[in-house]
Each structure stands twice: as C-alpha cells, then as structure tokens.
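Using numbering that gives the first Met the number 0, the letters of the sequence shown correspond one by one to residues 0 to 184. Beneath this line is the structure, given in structure tokens, with notes to follow.
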Amino acid sequence: MKKLILLGGIGVVIIIILFGWGLFAGTGIVFEMFPQWIAEVEKIAKSTIEKAKEALPSIKEKAKEVSPEITEKLKGIIPSEEIPEKDVGGEDIASIPRYPNMIRTSFVVKDGKRTISYKGKAELISVIDFYDKEMSVMGFKKKVLSASHIEEVHEYRKGKKTLEFSFKKADRLGVAMTEMVVREL
C-alpha cells in the first residue's frame, strides 16, 4: 500500500512538472510570436482602412440615389466630408498664424468677440506644439486649462489680450485630424 501511495505521489509530481514545463514553454512561444501577431493585425487593419477609403466614395454616390438619410449618416464617416475644401466666410484673428492646411469651418462674432473653428489633417500634438511655439514667440504666456489624450484647452495672455485655444483629436478612418477653436475672451 505504501508503494502504491509513493508511486501515485511520484506520478502527481511528474504530472505537475510536465504541466509547469508546458505552461512555461507555451508562454515563451506566445511572447516570441506576439510581435509578429501584432504586425499582422496592423497590416490587416491598414489594408481594410485603405479598401474602405476606396469604396466609400462610390457608396456615398449610391446612397444619394437611394436615401438622403443614409447620405447624411455617411458624412460623419467619410473624411473628405469632414473637412471643407475652402474657408467659410469671416476672418482670422490678425497676427495669429494658422497651422498649415487648416480650414476655417465656422466664424461667429458675439459681443464684439470672435470665435473661429478650424479643422485639418494633422496630428493633435503637432498642432498644439505649433501654437505653443508661435504664441510664445509673439510674447503670449500660456496656461493649460484642461488636458487629456484627445483634447486640450490652453489660454494665451499678452497684456489685455486673452485667447482661448481648444484642440481636439478628430481622427477618422485612420486619418489623423484635429479640430481647433480660437476664442477671444
């Protein structure tokens, strides 16, 4: 009976050792293959996005024929619909530079103060860095009012002039886009 218990115990120990070795080896294989799996997933995602970009304009045309409601829903998906080709009416704030390729999408004057919106194909951080540098060169002092990985609000002051810049990430279908609002305070 003691021999049987001893053999059973040795068998359990061997099974535990084999299970541990299998788990360890399996983990090593997963960690070794993980970067390749991620690269494949990225390649598939990029390919899918490119095919969608090619297909969406023709889908939009067919949707116009079938239903105006579908066309309106597609406008929020297709990047070319998100950015107008030219500025809306209005004016920029004198001496404040505009980030390259940003399009003015709205202009409002209320109580003599302007609020101007822009949108363009650009990385959020690039736009923020551009304005931090340009406003500093012009003598404005910056104060960050709020910040997250998708949106930041900065206040720039120079003498009696105060401007509020709101930067927002607005990526669509893998295209880096940024929306920006400049308000005179």
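All residues carry an ideal CB built from backbone N, CA and C; glycine is no exception.
(message) On the DSSP letters alone, give me the boundaries of the beta strand (DSSP E) that Leu162 sits inside.
(response) Here residue 162 is taken as the residue at index 163 of the sequence shown, counted from 1. First-last of the beta strand (DSSP E) with Leu162: 160-168.
(request) Please confirm whether Ala121 and Ala175 have their CB atoms less than 8 Å apart. (result) Looking up residue 121 in the sequence shown gives position 122. Looking up residue 175 in the sequence shown gives position 176. A contact, by the Cβ cut-off of 8 Å.
(message) Assess contact between the segment 138-148 and the segment 100-120, defined as three or more Cβ pairs (one per stretch) separated by less than 8 Å. Is contact present?
(response) no
(request) Note down the Cα distance separating His148 from Val136, rounded to an integer number of angstroms. (result) The count along the sequence shown starts at 1 and reaches residue 148 at position 149. The count along the sequence shown starts at 1 and reaches residue 136 at position 137. The straight-line gap from Cα to Cα measures roughly 25 Å.
(message) Judging by CA-CA distance, which residue of Thr177, Trp20, Gln35, Phe18 is the nearest neighbour of Phe164?
(response) Against the sequence shown, residue 164 aligns to sequence position 165. Answer by Cα proximity: Thr177.
(message) My assumption, with CB atoms under 8 Å, is that Lys86 sits in contact with Arg113. Please give the rounded CB distance.
(response) Within the sequence shown, residue 86 is the residue found at index 87, counting from 1. Within the sequence shown, residue 113 is the residue found at index 114, counting from 1. Correcting the residue type first, residue 86 is Asp in the shown sequence and not Lys. So it is not a contact: roughly 14 Å between Cβ atoms.
(message) Please give me, in chain order, every unbroken run of the beta strand (DSSP E) with length at least 3 that falls completely inside the segment 71-142.
(response) 102-109, 112-119
(message) Using C-beta distances below 6 Å, list every residue in its chain close to His153, excluding the 5 sequence neighbours before and after it, in chain order.
(response) Locating residue 153 in the sequence shown gives position 154, counting from the first residue. Hits under 6 Å: Lys141, Val143, Phe164.
(request) Pick out whichever of Arg182, Leu17, Arg171, Lys157 has its Cα sitting closest to the Cα of Tyr117. (result) Looking up residue 117 in the sequence shown gives position 118. Among Arg182, Leu17, Arg171, Lys157, the Cα nearest to that of Tyr117 is on Arg182.
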